[in-house]
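In what follows, a structure is listed as C-alpha cells, so that the remarks can point back to it.
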Amino acid sequence: MNAWIGGFDSILKRMLPGNFNWFLHTMLFYHTRYVLEKQRRRMNNDGDDGDSGDSDGGDGDGGGNDGGNDDD
Amino acid sequence: MTAAMSAEMPFPDITFHAFNKFIGKNFSAEISLSTVLLVLFTMTENSDLLNLHARQKHPQCTGEIKQLSSGWIRALARSLGDRLQDKISTLLMDTELPETPNNHDITSSLAVKLDKLMEVLKLSPFSKTGKLKKRLGPVSYNEIMAVHLVCPLSLECEDIECDPHGLHQNTRERDIPKVTLIKGSTIYKDVAVLSGKCPKCQTVYYADHESLNKGTDNAQRVHLNSAKYLKLGQSTWVDRVFSTAVVNAMYSFHGSAAAYTEFWNNTYANLNSKSSCLVTRRIIWQAFVQESIRVISAASNQHLVLKENLSINEVTQEAFECLGKNGLIINPNEHACSECAQPYRRSQYESIDEIEEDRPLVKMVVLDGIVMGPTHCAYDGCTSDLMNARGGAFCPFHETELGNQCRVHNCQRSKVNPTQACDQHQLEWKKYIENHSQENLSGVRRILRSRENMPWQPNIQQNVQPHDEEMDVDYQRKHYFGPSRFYCVETICAPCGTVIAWTKFDKAESPTQILNFLSSIYPTEESRPGYVCIDKACLVLRTCIANGSWEEWKKTTRFIVDSYHYTNHSANDGICRTWCNPAPTDGSAPNLIIPAVDKKGQPCLKRAFNTQVS
C-alpha cells in the first residue's frame, strides 16, 4: 500500500497542506471503501466465480506516473 | 472520428401527421408510446444496416436480385422482436396475427413494415428511380436533444424549524444564468439555472446547496449530499457521473487534476462540433473537492455546513477539519473481517474443532510510514501552514515575529533587501539560491525520477532513516531561507488492506510519535488490538518501557516486527527476538501462527496475519 500511496507523491508534494490533508484523506477513504466493497462482494459470491482477484488495492505500481502540476 | 462527425445526417424531417398516419395504418391500435419511440430510434440508430438493406433492394449489377425483405432488415426485425418479447404483437394489425404464434411469420411481416418505415422516414440512400443519392451517415440527435434546466431537488422547505412550504422560483427572469452543463460526456449549452426560496424562512435552495441566513453575517452554505448536479465554475455545472469519474480517475491512475483535464479535453471536449467545451484544471479540482466532500459526509450521515463565499482552498481546509476526524478513516472497532481477526487460541496446535464460537477475537494492525509530506513553517517546533506557499518560509505569526531580521539561525542583524540574509550571510544566501534555482532543481528532479546516480553527478543524500536505529530528531536548521517539510505519512492498516487512520510525522518517524499516534487512535484499553506490527517494533517497545506507557500497553498489546524487516534485525537483540518475533514457533505466541496443510498435504504452521499489507 505504501507503494500505491507513493504514486501520489508527484501530485501531493506540490500541494498546500490543506489540500494535501484532504486529498490524501479522500484517497485513503476511497481505498478503504473499495476494499470493504470487494470483501462484501466476495462474501456474497462465496468465492465461486468472483473477479480475477489481481487488484488487491495495493497494486504496487509505485512509480510517479504522471507529470501533472497540481499546485492548487 | 472527425470524418464520422462530418457525415452526420439531420434527424428525419417529416411531419408528425405523416408519421402518425403510418403508425395508424401499420401497427395495432394498442401500441404504446414507448414501443413507437423504440421502433423510431431503432431505425435512426442503425443507418449502416439500412444502407446494406437498401443496396440489396436496388440491384446495380447484372445478376443481382431485388430483395424487398433482405437478410439485413429481417435481422433488425428479429432483434426488435427479441427486445419486445410479448409486446411484439402490438406491431402487427389484428388481421396479421398468425393463428399459431410463429416467429418466422412475425419477423417476415415486421421486416416489410420496417422497410416501409424506412421510406416514410426518408432514410433510404437510393432515389425513387433506384439511383444511389448518398450513403446514410449517423443520424444527429441535436434537434431532439431535451431542454435541460438545473433546479433545486427539494420540493418544499426542509428546514426543521420551518413549515413545509412550497418553494417559490427565486431567480428573476433577466438574472437567470445560462450555463454549460456536462452530463457524463455530453455537453449541453445554455442551460438555465434556477433557485427556489422558502417564503417563510427565506432559505434559498439551489441544485447543489442550500443557503441559510443569506445576506447576513452568519450566512451559511449546506452542501447537499444528494445533489444531482454540481456547480464547478461561474458557468459550468456537471452531473455526478462526471465528478465521480474525476475522483475515481485520480484514485485509480494516480492522476493529477492537470492530467485529468488534458485527458478529458482530448477525449470528450470536441465529440460534438455544435457544443464543444474545454474544461480547465480549476474545474476538475473543484469537481474532485465537491464530489469527495459529498461522498465522505454522506458516509458519516451529515451534510457539510460551511460559511458562504469561501475560496476552494478554504473549503478543503474546513472540510478536513469537519469531516477528516484527524485522519481517522474508520472506527477501529467497526472492522473485524476473517483476515484481521482470529479467534483466541490457547496453544498453537489447537485445531479449529476445539475452538468454541464465543472465543474473543485477536486483532492485529500494521503501522508503517512513507517518506512524504507537505511544507510547514520553518521555525523550530512550529508546524503551522505557511503564510506564502510560494517562496515563503514562515507561518503568519513567525513571519511577523522575525520581521526584517536575517533568516540565518541566531543572527540578530537586519536582512538586506531583496535577499533574506544580512550582509555577513550573503554567501549562505547565494549558495541557497544557487541550489534551489530552477535549473538546479529540474536537474535534481530528473535524477530523482530516473533513480540513477552517475559518478559525475552530485551525490544526493536522501534523509531516509534506518528503521531499527535510534534517530536524532533534535537537529537544528542553520537558516530559515526555505520552509520545512513533514517527514512522513504514517498509516495504520488492518491486514486485509483497510486503512484505519493516518497522520503526518514531523522531522522523523520517532517511536514517541508512533506511541502518541497509537494512543490517539486507541484511547481505551478495550479498543486496542492484540498485536501492532511495526518495522521498528523493538525500538517502540524500548521507548514504551522507558517512558512508562508499557505498563498500560502490556495489558492488551504486543508490538511485533513485520516478517520482512525481522530478518534484518540483529539476531543478538534479546528484546527484539523475545518480544517482537512475528512468528515464534516455540509456542510463546499461539495467536500469531495457525496450523495449516501444505501443498503436499502435510500439516504445517503458517502466519495467522498478513504483516506485509503496507
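These protein sequences, in sequence, are chains A and B.
Position 52, counted from 1, in the first sequence is what the numbering used here calls 52; the numbers after and before it change by one each time, with no gaps.
Position 30, counted from 1, in the second sequence is what the numbering used here calls 102; the numbers after and before it change by one each time, with no gaps.
Don't be surprised by glycine CBs; every beta carbon is placed ideally from N, CA and C.
Compare the C-beta of residue i with all C-beta atoms of chain B and state if any pair is closer than 8 Å.
i     : result
N45/A : no
T26/A : yes
Just list the residues that DSSP pairs residue i with in beta bridges.
i      : result
Q477/B : S486/B
P667/B : L677/B
R293/B : S283/B and L378/B
F198/B : L204/B
K62/B  : With chain B represented from 73 up to 686, any question about residue 62/B goes unanswered, as that position is not in the structure.
V276/B : K269/B and S283/B
Y260/B : L253/B
E228/B : G238/B
M81/B  : V211/B
Quick check: is the beta carbon of residue i nearer than 8 Å to any beta carbon in chain A?
i      : result
C565/B : yes
D85/B  : no
L448/B : Reading off the sequence, residue 448/B comes out as His, not Leu. By this cut-off, H448/B is an interface position.
M444/B : yes
F392/B : yes
H508/B : no
W336/B : no
D634/B : no
A668/B : no
H326/B : yes
R679/B : no
A461/B : yes
Y323/B : yes
N297/B : no
I402/B : yes
S368/B : Per the sequence presented here, residue 368/B reads as Ile, with Ser not at that position. I368/B counts as touching chain A.
G399/B : yes
W501/B : no
N512/B : no
Q292/B : no
N405/B : no
N682/B : no
N385/B : yes
D578/B : no
G464/B : no
S364/B : yes
Between the options, which has its C-alpha nearest residue i's C-alpha?
i      : options                           : result
V35/A  : L350/B, A566/B, S383/B and W622/B : A566/B
G256/B : V434/B, R312/B and P82/B          : R312/B
K487/B : A321/B, V669/B, F553/B and D289/B : F553/B
T575/B : C560/B, T584/B and S582/B         : C560/B
C605/B : V685/B, E471/B, S161/B and T650/B : V685/B
A668/B : K269/B, K678/B and E623/B         : K678/B
T615/B : T628/B, H637/B, I647/B and P595/B : I647/B
R246/B : A264/B, L239/B and G238/B         : A264/B
S196/B : S348/B, S161/B and N123/B         : N123/B
F198/B : K129/B, C270/B and K185/B         : K129/B
M322/B : A3/A, G7/A, M1/A and N2/A         : G7/A
H125/B : S142/B, A359/B, T134/B and C133/B : S142/B
M444/B : Y301/B, A680/B, L376/B and K579/B : K579/B
K93/B  : E80/B, A329/B, I505/B and V108/B  : V108/B
Y340/B : G453/B, Y260/B, N507/B and P249/B : Y260/B
E390/B : F29/A, S10/A, A3/A and W22/A      : W22/A
R479/B : C467/B, R146/B, C494/B and N640/B : C494/B
H375/B : L395/B, Q358/B, F360/B and T388/B : L395/B
F88/B  : A79/B, L112/B, N682/B and N619/B  : L112/B
I586/B : P601/B, V571/B, T596/B and T563/B : T563/B
P84/B  : V351/B, N214/B and T629/B         : N214/B
Below 8 Å on the Cβ atoms is my guess for residue i versus residue j; work out the distance and round it to an integer in Å.
i      : j      : result
S267/B : T243/B : 5 Å
L225/B : S298/B : 6 Å
L23/B  : Q362/B : Since the displayed chain B opens at 73 and closes at 686, residue 23/B lies outside it and no answer follows.
D607/B : D634/B : 6 Å
F631/B : A609/B : 4 Å
R557/B : T447/B : 5 Å
G153/B : L182/B : 7 Å
L193/B : I86/B  : 6 Å
Q358/B : G659/B : Contact flag wrong, Cβ pair sits at about 58 Å.
A330/B : R353/B : 5 Å
Could you name the residues of chain D that residue i contacts, counting a contact when the two beta carbons are closer than 7 Å?
i      : result
T388/B : The chain inventory of the structure shown lacks chain D, comprising the protein chains A and B.
* To do: Tell me the start and end of each unbroken alpha helix (DSSP H) in the region 356 to 432 of chain B that is at least 4 residues and wholly inside, in chain order.
  => Listed in chain order, the alpha helix (DSSP H) elements of length 4 or more contained wholly in the region 356 to 432 of chain B are 384 to 395.
* Asked: If you scan the region 542 to 593 of chain B from start to end, which runs of the beta strand (DSSP E) of 3 or more residues do you find wholly inside it?
  -> Counting only unbroken stretches of 3 or more residues, the beta strand (DSSP E) elements lying wholly within the region 542 to 593 of chain B are 556 to 565 and 571 to 578, in sequence order.
* Asked: Enumerated in chain order, which unbroken segments of the alpha helix (DSSP H) with a length of 4 residues or greater are wholly contained in the region 597 to 645 of chain B?
  -> Counting whole runs of 4 or more residues, the region 597 to 645 of chain B contains the alpha helix (DSSP H) stretches 609 to 618, 622 to 625 and 635 to 638.
* Counting only runs of 3+ residues fully inside the region 124 to 182 of chain B, write out the beta strand (DSSP E) ranges in chain order. => Counting only runs of 3 or more, we get nothing.
* Asked: What are the complete beta strand (DSSP E) segments, minimum 3 residues, inside the region 429 to 466 of chain B?
  -> Taking only runs of at least 3 residues, the beta strand (DSSP E) segments lying wholly in the region 429 to 466 of chain B are 433 to 442.
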